[in-house]
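Inspection log for the structure reproduced underneath, given as structure tokens.
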Amino acid sequence: MKLAAWNVNSLKVRLPHLTDWLAQARPDVICLQELKLEDAKFPHAELQAAGYRAAVFGQKTYNGVAILARAAPADVATGIPGFADEQKRVIAATAGDVRVVCVYCPNGQSVGSEKYDYKLRWFAALKEYLAHELKRHAQLAVAGDFNVAPEDRDVHDPKAWEGQVLVSEPERSAWRALIALGLKDSFRLFEQPEKIYSWWDYRMMGFRRNAGLRIDHVLVSAELAKHCTASSVDKAPRKLERPSDHAPVIAEFS
DNA sequence: ATGGCTACGATCCGTAGA
């Protein structure tokens, strides 16, 4: 089973990149973030032609998440139960025998801002939700854009980024609280090359300089980790014309 | 030097992302 996550930064703009990538990478499941379109505008027909069925939690202009799978995702749940939120950031569904939670975690804007406070409250609610889901599902994956670079080795220039949003200690602490539930960062289950990132700023030729951050992740439960055989980032779509600023991240399971 | 893109929905710039 091959599971991917990709922040497409507008599904309308990126649909050709997505269908090309699906044809080439052939994931069984993919979690999409930042659709930036409402459910009525979701391209079900195009994706069904590409061989995928979708569970969608869309929103006009901002946010929006979806899970695509070969068979229609089952037992779909949206949002974080008990956490009232206008922003459509979470959708969960079962694909095969794996429970998949697709997340678009808040950006946080800047440390100390209102959006930063929202981010930390949101992560606290996510942790409670995932604690509950782990009790219900031995094989759980949480995949998407976490907007946190967990360690300095996930940051191209840790000194320049020190204390900044995406990297600050309270955000990393929120990430570690997810790890403390028993979830594993699939990427770190394996030996990895240095300087692997999943996001590069559109400005300042960030991609060409590999000035990136690893903020997109696939977390897996202990039981699912036992079956994890590989984890990687595919930089290829970031090289295309008019790319998303994020690259797809991948985890594979036996 | 704190900027520099990109997408969106509203104009002919503001909001947001990360």
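Residue 203 is where the first sequence starts when you use our numbering, and the numbers rise one by one after that. All C-beta atoms in this analysis are idealised placements derived from N, C-alpha and C, irrespective of residue type, glycine included.
- Here the region 246 to 265 does not lie against the region 314 to 334, with fewer than 3 beta-carbon pairs under 8 Å apart.
- Counting only unbroken stretches of 4 or more residues, the alpha helix (DSSP H) elements lying wholly within the region 246 to 323 are 246 to 251, in sequence order.
- Shortest Cα-Cα distance from Trp402 to any of Asp299, Lys428, Asn211 and Ala326 involves Asn211.
- Using a 10 angstroms sphere on the CB of Leu239, the tally of other CB atoms reaches 16 or more, which defines it as buried.
- Bounds of the alpha helix (DSSP H) holding Ser375 are Glu371 to Ala382.
- Taking a 10 Å sphere around the C-beta of Asn412, we find fewer than 16 other C-beta atoms and assign the residue as exposed.
- Three or more beta-carbon pairs separated by less than 8 Å link the region 296 to 311 to the region 336 to 351, which places the two stretches in contact.
- Judged by beta-carbon spacing, Ile282 lies beyond the 7 Å limit of Cys233, meaning their Cβ atoms are not closer than that value.
- A straight-line Cα-Cα distance of about 11 Å links Ala286 and Thr280.
- By the C-beta density criterion, Gly266 is buried, having at least 16 other C-beta atoms within 10 angstroms.
- In the DSSP assignment, Lys361 falls within the unbroken alpha helix (DSSP H) covering Pro360 to Trp363.
- Of all alpha-carbon atoms in Met203, His219 and Lys214, the one lying nearest the alpha-carbon of Ala449 is that of His219.
- When the five nearest sequence neighbours on each side are left out, the beta carbons in the same chain lying within less than 7 Å of the beta carbon of Asp241 are those of Val258 and Gly260, in order along the chain.
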